[in-house]
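A.B. asks: For the sequence shown, our numbering begins at 11 and goes up steadily by one.
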Amino acid sequence: MVRYLLACLAVCGGVGAHAACLDDAAVADFVEKYTTRTPVAAPEGLSDVDAACTRAKLHALLVPRLGPAIGYKAGLTNAAVQKRFNTDKPVWGRLYEGMVLANGAVVGATFGARPLFEADMLVRVRSDAINVAQTPQEVLDAIDQVIPFIELPDLMVQAPQRLDGAGLAAINVAARLGVAGQPIGIPAMRADRYAMLDALRDMKIRVTDDKGTALAEGRGSDLLGHPLQAVVWLAGALATEGLKLKPGDLISLGSFSPLLPPRSGSGITATYEGLPGKVSVNVNFK
11 MVRYLLACLA VCGGVGAHAA CLDDAAVADF VEKYTTRTPV AAPEGLSDVD AACTRAKLHA
71 LLVPRLGPAI GYKAGLTNAA VQKRFNTDKP VWGRLYEGMV LANGAVVGAT FGARPLFEAD
131 MLVRVRSDAI NVAQTPQEVL DAIDQVIPFI ELPDLMVQAP QRLDGAGLAA INVAARLGVA
191 GQPIGIPAMR ADRYAMLDAL RDMKIRVTDD KGTALAEGRG SDLLGHPLQA VVWLAGALAT
251 EGLKLKPGDL ISLGSFSPLL PPRSGSGITA TYEGLPGKVS VNVNFK
C-alpha cells in the first residue's frame, strides 16, 4: 500500500491531488496487514466512488479469509464522530462470520493494529421490506431484534488522524470484532411498538469500566435523530450499488460513544437506560 500511495503522489502531482481506487496489489497488501494486525498507510484523497471500488475489492479478498458476510455496519451516523473524520455523511462496511462475539467475551486488548471500543447497537432483519423503509417505524416493522453491542473496531492505519470519511469506507469502516448482549424482541402489539420506538430514540447509553467509573455516554437520538434512521440511510446507500438487505442480516447502527482505547485487565459495560428490563452488554480485555 505504501508503494502504491507514493506512486500515486508522483503521478498525480503531490499531496492533495486526487487519488483513485486502490489497485489490486495495494488491497492485497492491506488484507495481509489486516490478518497480521499490522498498521498500514492511510488511503488518502479518495472520492466516494474510489472508496466504494476499494471496498468491493477488499470484500472479495476478505470472504475467503473471514467467511461469508453476515450483515452490514453503518458508520459515521453520529455527527460528533463525523466531525472526527472530517465528513458530513455516513459510510458503510460489511460484517463477517465470526466478528460478533457472545456477551462477556474475553478479548485481547491488542485485538487489532489500532484497537478501539465504542457503544453501539445491532438490529436483525426480519423482512425484505426493510429495503424500502423510509421511517424508523417502517424499519421497526421489518426487524425482529434489537441487540446491545459493544463494537471493537480497528482503524488499522499508521496515522488514524489522516483518515477521512472516504478513507474509512475504503477500509470497511474499520470492522474487526464486537460483543453482543441479549437480544430484545420486537413487540407484537402496535402500541408496544410505538413505545419501543420512543424508547430507542430517548434511551441513554452509559459506558463504564469494571470499577463503575463512567467513561462515556450518549443518547439514541445521537444517531441521525433516531438510531433506526441509520437503517433507512443504509438501505438507500446499498441500493445505489445494487445491493439489498436480506432476512437474517445483522446491522450495526453506529457509535453512541466516542472511540476509546482498550486497556489490558479492564472490563467494559454499556448500559441502555430506558429500554425494557436491565439492558447491558459487557466485554473484558486481557
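Beta carbons: idealized from backbone N, C-alpha and C, even for Gly.
Remember, it's a predicted structure, so these values are computed and weren't measured experimentally.
For C18, count the other beta carbons within 10 Å of its own beta carbon; 16 or more makes it buried, fewer makes it exposed. Which is it?
C.D. replies: A caution first: C18 carries a pLDDT of 37, below 50, which makes its placement in the model too unreliable to give a value.
A.B. asks: Identify whether T250 lies in helix, strand or coil by the three-state DSSP scheme.
C.D. replies: Reduced to three states, the DSSP call for T250 is coil.
A.B. asks: Considering only residues of the segment 229-290, which uninterrupted beta strand (DSSP E) runs meet the minimum length of 3 residues and lie entirely inside it, listed in chain order?
C.D. replies: Qualifying beta strand (DSSP E) stretches, in chain order: 260-262, 277-283.
A.B. asks: With DSSP as the reference, please indicate the residues paired to N182 in a beta bridge.
C.D. replies: N182 pairs with nothing; no bridge assigned.
A.B. asks: Between the beta-carbon of G264 and the beta-carbon of A90, is there less than 8 Å?
C.D. replies: No, they are not a contact pair.
A.B. asks: Hey, how far is the Cα of G195 from the Cα of P158?
C.D. replies: Their Cα atoms are separated by approximately 12 Å.
A.B. asks: Please return the same chain residues whose Cβ sits closer than 7 Å to the Cβ of G77, not counting the five positions on each side in sequence.
C.D. replies: Contacts found: Y106, E107, G108.
A.B. asks: Along the chain, where does the beta strand (DSSP E) that runs through Q155 open and close?
C.D. replies: Q155 -> beta strand (DSSP E) spans 153-162.
A.B. asks: Using beta-carbon positions only, say whether K213 and G258 come within less than 8 Å of one another.
C.D. replies: According to the sequence provided, residue 213 is Met. The question's Lys does not apply to it. No, these two residues do not count as a Cβ contact at 8 Å.
A.B. asks: Could you check what DSSP says for S137 in three-state terms: helix, strand or coil?
C.D. replies: In this structure, S137 counts as coil in the three-state DSSP scheme.
A.B. asks: Is any non-hydrogen atom of the ligand SAM found closer than 7 Å to the C-beta of T97, if you look at the structure I gave you?
C.D. replies: Of the ligands one can find in the structure shown there are none, so the ligand SAM has no counterpart to examine.
A.B. asks: Using the DSSP secondary-structure output, state which residues sit across from M131 in a beta bridge.
C.D. replies: Beta-bridge pairing links M131 to P158.
A.B. asks: T120: buried (16+ other C-beta within 10 angstroms of its C-beta) or exposed?
C.D. replies: With fewer than 16 other Cβ atoms within 10 Å, it is exposed.
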